[in-house]
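There are 2 protein chains.
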Amino acid sequence: MAKEVTSRAENYSQWYNDLVVKADLAEQSAVRGCMVIKPYGYAIWEKMQSVLDGMFKKTGVQNAYFPLFIPKSFFSREAEHVAGFAKECAVVTHHRLMNDPDGKGVVVDPSARLEEELIVRPTSETIIWSTYKNWIKSWRDLPILCNQWCNVVRWEMRTRLFLRTAEFLWQEGHTAHATAQETEAKAHEMVQVYADFVRNCMALPVIVGHKSPNERFAGALDTLTIEAMMQDGKALQAGTSHFLGQNFAKSFDVQFTDKEGKLQYVWATSWGVSTRLMGALIMAHGDDNGLVLPPALAPIQVVLVPIYKTDEERSAVLAEMENLKKSFEALGHSVKIDDRDNLRPGFKFAEWELKGVPVRIAMGPRDLQNGTAEVHRRDTLEKASAPVEGLDRYVHELLDDIQKNIYEKAARFRETNIRKCDDWEEFKTEIQKGGFLLCHWDGTPETEEKIKEETKATIRCIPIDSCVCEEEGTCVYSGRPSRRRVIFARAY
Amino acid sequence: MAKEVTSRAENYSQWYNDLVVKADLAEQSAVRGCMVIKPYGYAIWEKMQSVLDGMFKKTGVQNAYFPLFIPKSFFSREAEHVAGFAKECAVVTHHRLMNDPDGKGVVVDPSARLEEELIVRPTSETIIWSTYKNWIKSWRDLPILCNQWCNVVRWEMRTRLFLRTAEFLWQEGHTAHATAQETEAKAHEMVQVYADFVRNCMALPVIVGHKSPNERFAGALDTLTIEAMMQDGKALQAGTSHFLGQNFAKSFDVQFTDKEGKLQYVWATSWGVSTRLMGALIMAHGDDNGLVLPPALAPIQVVLVPIYKTDEERSAVLAEMENLKKSFEALGHSVKIDDRDNLRPGFKFAEWELKGVPVRIAMGPRDLQNGTAEVHRRDTLEKASAPVEGLDRYVHELLDDIQKNIYEKAARFRETNIRKCDDWEEFKTEIQKGGFLLCHWDGTPETEEKIKEETKATIRCIPIDSCVCEEEGTCVYSGRPSRRRVIFARAY
Chain G
93 MAKEVTSRAE NYSQWYNDLV VKADLAEQSA VRGCMVIKPY GYAIWEKMQS VLDGMFKKTG
153 VQNAYFPLFI PKSFFSREAE HVAGFAKECA VVTHHRLMND PDGKGVVVDP SARLEEELIV
213 RPTSETIIWS TYKNWIKSWR DLPILCNQWC NVVRWEMRTR LFLRTAEFLW QEGHTAHATA
273 QETEAKAHEM VQVYADFVRN CMALPVIVGH KSPNERFAGA LDTLTIEAMM QDGKALQAGT
333 SHFLGQNFAK SFDVQFTDKE GKLQYVWATS WGVSTRLMGA LIMAHGDDNG LVLPPALAPI
393 QVVLVPIYKT DEERSAVLAE MENLKKSFEA LGHSVKIDDR DNLRPGFKFA EWELKGVPVR
453 IAMGPRDLQN GTAEVHRRDT LEKASAPVEG LDRYVHELLD DIQKNIYEKA ARFRETNIRK
513 CDDWEEFKTE IQKGGFLLCH WDGTPETEEK IKEETKATIR CIPIDSCVCE EEGTCVYSGR
573 PSRRRVIFAR AY
Chain C
93 MAKEVTSRAE NYSQWYNDLV VKADLAEQSA VRGCMVIKPY GYAIWEKMQS VLDGMFKKTG
153 VQNAYFPLFI PKSFFSREAE HVAGFAKECA VVTHHRLMND PDGKGVVVDP SARLEEELIV
213 RPTSETIIWS TYKNWIKSWR DLPILCNQWC NVVRWEMRTR LFLRTAEFLW QEGHTAHATA
273 QETEAKAHEM VQVYADFVRN CMALPVIVGH KSPNERFAGA LDTLTIEAMM QDGKALQAGT
333 SHFLGQNFAK SFDVQFTDKE GKLQYVWATS WGVSTRLMGA LIMAHGDDNG LVLPPALAPI
393 QVVLVPIYKT DEERSAVLAE MENLKKSFEA LGHSVKIDDR DNLRPGFKFA EWELKGVPVR
453 IAMGPRDLQN GTAEVHRRDT LEKASAPVEG LDRYVHELLD DIQKNIYEKA ARFRETNIRK
513 CDDWEEFKTE IQKGGFLLCH WDGTPETEEK IKEETKATIR CIPIDSCVCE EEGTCVYSGR
573 PSRRRVIFAR AY
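Here the protein sequences come in this chain order: G and C. For my numbering, add 92 to where a residue sits in the first sequence, where the first one is 1. For my numbering, add 92 to where a residue sits in the second sequence, where the first one is 1.
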């Protein structure tokens, strides 16, 4: 075996940490709470970026770049925003180091204190809206549809690789519009882009819905979210899209002249997904042997492992594998031949399983003679012998099938772990088991808060387009009337 | 006319600033020294990134991501590096804001002082080599070939958009090797990748050479550079690749067991290009009408401007343009139809010239009748009538021709402004005129320093593979013997 991974049953949390580190995705850095994303992990993130970026651009969004630093005073402008964001963040106070007068390395130069402190962006609404003020004069300047891929910093006390780190990578879209209606439509459009991406590329079902007012983004009138279920039954918020109303435009005095010549405040959305998606990908699909990557995001889709004893056998097998590699690549697949000669096939098998490569092909001298190869699929761990003739099409279709199967497995798991609950005692028992509970809620923040205190469960979302939820009833906690069910769960 | 641009002759520096701002590439932000890269500018940078990233990957390089912050103590580890880098940088001292007790917005929470200050990375050698220590045990772990695309901060006092900003975007490659020879070869390979990119994509000739010891990167044994000539005759360093020897491995104690079982320090390179390339692109090719973008990097390669009086004419022309657009896109070109109905064609022409779009096509009702279009090329400002039949191939070849012509024009300009100089009095006169001077130099830092003091000229590089430079002579300043010429110029 390659590196040992804790099993999910034994310790789900340790299993996750093992996968991240042992599959070479990321590791802790020398800086508290900041991670190093290793090449294999970064390659998955790059694939996510590339697909999402293309999807954004199809909706007319353009990329841009705004400063890393935000003047401290900007945080005071939008009252709700400052309450939600300005607390735990990295503050730059000085702009110079100097040699320690005592000769012990370097110290901060006390004379280089900034007049106004700068905050490393935890999110960029404020700096972007202070910029949009210069870009927007008339209705002809609208809409503005910008996105940026960047790093942000939130000084989290308890961090976990990918799920919650002080620095993380993300994209943040910020759009500006002339009407409330167009703005709300954009917020909905973007959350659906996220849902499509997570379903089709990450092979992970999500529920699209509104956040309750308690869980809204600081400064938003409405927050839309996609919620996914992990294998321990906990929810993971995978992306959010905010309808910000005119709050930021008012804070930064961004007005436009409409077609009638009247001055109006501009309407805003913002929306983002982050390297947290990596955490969702790992936790949703991995098994006790390691990662299970959907082919759409796998940096290596097919790995070829030669079996041989003699140098002659090695050359013969590798020659055939080179041909196969070319034929797979011609169909658009990424392929690696693992020709390391200091490791046994069994070790390599375990390593590529750990790394979640969707298809593994082994060939030895006997396969050469028979014109066959052994094809192993990562999702089901099934092996089959297949003829080399036509193996490119076979693998092409197998990858398709794996993508679908991973999605369906996750969808079945969710189906099994989502249930209606109408009784408070039952709620308290059921929520221990994990999964999503579909419950009536009286719509008050007080009830939500009490449920959270007693059970650690929060309202993950008020689903959109779910006929299951559209029914009248009474609140599972207060017994007051309710017009629709919402989703409760414990969450990452 | 669209927005007025200062002419180069009148004020070259103002011309540059005008182009950056009026062509919507970038602007100053609310944060001193930090820029906002606007969508049109960012689209050019994205094209640069995409081409370079592909070139890096072909050499076996993989992307990764390392923390934004570097513990202050890391800067004391490599003595030369700290001298060169640790001075002007952004220092994070606190991790929390709080509401001002006086009710005036937010203030830094004095109780949230970091134990050790964090520096926003000005470059990442130290944090990366502290990480590599965990990755490298044996010769089998080498080489490591990592690159990251990220933001860095250097607290520059005088900033200029793209050329010198406090925060900028770049890529930094960091490789680790077992032998000095392999490492030097990698440093040379990467500087040649940069040279290829700048010549072929940016259409800009460069001279590849070594930096003199004075101008080397802090901590490097050798710095390779590509130097380009701007239209005012000044040099611009467009990319560098460093042979770092074992300096960082020794500072961070990174050793490997070689094939003979002996412990050895690891060898290093690093190499980078930044958004400064945007400055080079603008200054090398722009003219008094605006940007001149090489087709390989133009976000819009072809713009179509309809000419019409009536609605009927408008629909007929736009219908034909949609067909043309599709045919150009089928050949891989990016195309925009400028159908804004509140602007005159002349205004649009000027705007797209300002933005440097390589090819502009205008069509009116008469063109429709004749089956022709008016094709305007940005580089020479020439207009020609061309048949609509076969216009796709015509434009395809025209774009090729424009790419070549822009390069050749820049090459001719450089040829005219590069000359040998063997007399100190002549040097002082000639250097005023701009351009590169090929001079003998005695090889001492003292002479280099004195020449800089007296003329503001520095040694841009000691060219590699230049037979013009390979001759014996005497130093233009000291008269001492010299074995080769080097390039002197004033620089950005």
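Positions of the beta carbon are idealized from the N, C-alpha and C atoms, including for glycine.
Of all the CB atoms in chain C, is at least one closer than 9 Å to the CB of G:Leu144? no
9 Å Cβ cutoff, C:Lys440 in contact with chain G: no
Can you find at least 3 beta carbon pairs, one from the segment 352-370 of chain G and one from the segment 106-124 of chain C, that sit closer than 8 Å? no
Hey, is the segment 249-257 of chain G in contact with the segment 214-231 of chain G, meaning 3+ C-beta pairs nearer than 8 Å? no
Run through the DSSP bridge pairs and tell me what C:Leu355 is partnered with. C:Thr349
Quick check on C:Ser366 - is its C-beta less than 9 Å from some C-beta in chain G? no
So what's G:His173 in DSSP terms, helix, strand or just coil? helix
Assign C:Ala341 to buried or exposed, taking buried as 16 or more other Cβ atoms, counted over all protein chains shown, within 10 Å of its Cβ. buried
Consult DSSP for C:Arg368 and reduce its assignment to one of helix, strand or coil. helix
Supposed contact pair G:Val153 and G:Gly265 - C-beta distance, whole angstroms, cut 8 Å: 6 Å
Tell me which same chain residues have a C-beta within less than 7 Å of the C-beta of C:Arg246, skipping the five on either side of it? Glu180, Cys181, Pro214, Ala258
Residues of the segment 180-194 of chain G whose Cβ lies closer than 9 Å to any Cβ of chain C, in chain order: Glu180, Cys181, Ala182, Val183, Val184, Thr185, His186, His187, Arg188, Leu189, Met190, Asn191, Asp192
N-terminal and C-terminal residue of the beta strand (DSSP E) that G:Gly40 is part of: Nothing in the structure corresponds to residue 40 of chain G, since chain G is present only between 93 and 584.
Determine the burial state of C:Glu414: buried for a count of at least 16 other Cβ atoms within 10 Å of its Cβ, exposed for fewer. exposed
Beta carbon proximity, G:Val112 to chain C, threshold 9 Å: no
Would DSSP call G:Pro585 helix, strand or coil? Residue 585 of chain G lies beyond the residue range present for chain G, which begins at 93 and ends at 584; the question has no answer from this structure.
Could you list which residues in chain G have their beta carbon closer than 7 Å to that of C:Ile129, in chain order? Ala156, Tyr157
Integer-rounded CB distance, given that G:Gly371 should sit under 8 Å from G:Phe254: 4 Å
In chain order, what residues of the same chain lie with their CB nearer than 6 Å to the CB of C:Cys561, ignoring the 5 residues before and after it? Pro555, Arg576, Arg577
Which residues of chain G have a Cβ atom closer than 7 Å to the Cβ of C:Thr361, listed in chain order? Residues of chain G passing the Cβ test: none, with the nearest at roughly 17 Å.
On the DSSP bridge list, what partners appear for C:Glu264? C:Gln240, C:Gly364
Does the segment 477-491 of chain G come close enough to the segment 453-468 of chain G that 3 or more CB-CB pairs lie under 8 Å? yes
Thinking C-beta only, is C:Val487 closer than 9 Å to C:Lys585? The question about residue 585 of chain C has no answer, for chain C in this structure spans 93 to 584.
Is the segment 229-237 of chain G in contact with the segment 200-214 of chain G, if contact means three or more CB pairs nearer than 8 Å? no
Is the shortest distance between the beta-carbon of C:Leu416 and the beta-carbons of chain G less than 9 Å? no
Between G:Gly197 and chain C, is there a C-beta pair that is closer than 9 Å? yes
Mind pulling the chain C residues with CB within less than 9 Å of G:Val212? Leu160, Phe161, Ala182, Val184, Val212
Flag this pair as yes or no: are the beta carbons of G:Asp110 and G:Thr98 separated by less than 9 Å? yes
Taking all protein chains shown into account, decide if G:Lys326 is buried (16 or more other Cβ within 10 angstroms of its Cβ) or exposed. buried
Limits of the unbroken beta strand (DSSP E) element including G:Pro163: 161-163
Can you pull the chain G residues whose beta carbon is under 8 Å from the beta carbon of C:Ile219, in chain order? Ser121, Ala122, Val123
So that I know if they touch, is there some Cβ in chain D lying closer than 9 Å to that of G:Phe167? Among the protein chains in the structure shown, which are G and C, there is no chain D.
Counting only Cβ-Cβ distances shorter than 8 Å, please list the residues of the segment 282-307 of chain G near chain C, keeping chain order. none
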